[in-house]
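Following full-length UniProt numbering, the numbering of the sequence shown begins with 1 at its first residue and continues without gaps.
Cβ coordinates follow ideal geometry from the N, Cα and C atoms, glycine included.
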Amino acid sequence: MKNPTSAISVLLLFSLSFFSCKKDRNVNPENLIKGNWEEMDLNGLKRSLNFTKDNSFFLNIVLNDGSSSQFIGSYQIQGDRLKITTTEKLEQEQGKPVQRTPTNYTLYENATFSITGDILKLNYTSYPADAPVNTPAKFRRLITIDEGGLTP
1 MKNPTSAISV
11 LLLFSLSFFS
21 CKKDRNVNPE
31 NLIKGNWEEM
41 DLNGLKRSLN
51 FTKDNSFFLN
61 IVLNDGSSSQ
71 FIGSYQIQGD
81 RLKITTTEKL
91 EQEQGKPVQR
101 TPTNYTLYEN
111 ATFSITGDIL
121 KLNYTSYPAD
131 APVNTPAKFR
141 RLITIDEGGL
151 TP
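So this is what it looks like as structure tokens:
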């Protein structure tokens with residue numbers, strides 16, 4: 001190129017187009033996990049999670065006999081790590097009143113998570129026979145209806 005201004009213009013145009021096409025890689029994991037999730041591949045029970053925008057957490061478990069439990073608490077995210085602490089457990093057997101119990105323990109110990117599309121994968125430590133076992137769980141996002149209409 002004969003004109004230095006033309007060379008600078010081409011370089012500037014290339015730089016602007018390169019940086020303007022950069023994808024946003026700083027997606028906040030808390031924004032991805034918020035909402036309702038139902039565990040996949042379960043037999044004999046239904047388990048669902050709800051992560052709210054104010055960092056409240058709800059775990060609902062419903063057995064085939066109609067009894068149910070709900071754990072209420074809060075969650076924190078650091079990178080791909082998920083910490084859930086319960087503050088209350090509600091239990092109800094069919095035809096009986098709800099029993100409330102204060103709690104203070106960690107659910108899904110040492111949990112990490114990833115989200116691909118509408119699938120949440122949790123990996124956590126469980127103790128089925130008093131020995132730690134790495135345990136995976138998969139949840140699918142549920143669509144809910146709120147004041148603004150359908151939301152994932």
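With respect to the C-alpha of Y75, the residue from L49, Q92, S126 and E91 having the closest C-alpha is L49. Short of 7 Å from the beta carbon of I115, and not among the five residues preceding or following it, lie these beta carbons of its own chain, in chain order: L32 and I33.
Rounded to the nearest whole angstrom, the C-alpha separation of S69 and T86 is 13 Å.
R81 sits close to A111, with the two beta carbons spaced by under 8 Å. Beta-carbon to beta-carbon, L59 and L107 are separated by about 6 Å, close enough to satisfy the 8 Å threshold. Under the 10 Å beta carbon count, G79 is surrounded by fewer than 16 other beta carbons and is classified as exposed. Here T101 is not near K83, since their CB atoms are 8 Å or more apart. Scanning its chain for C-beta atoms nearer than 6 Å, with the 5 sequence neighbours on each side dropped, one finds around M40 the residues K138 and R140, in chain order.
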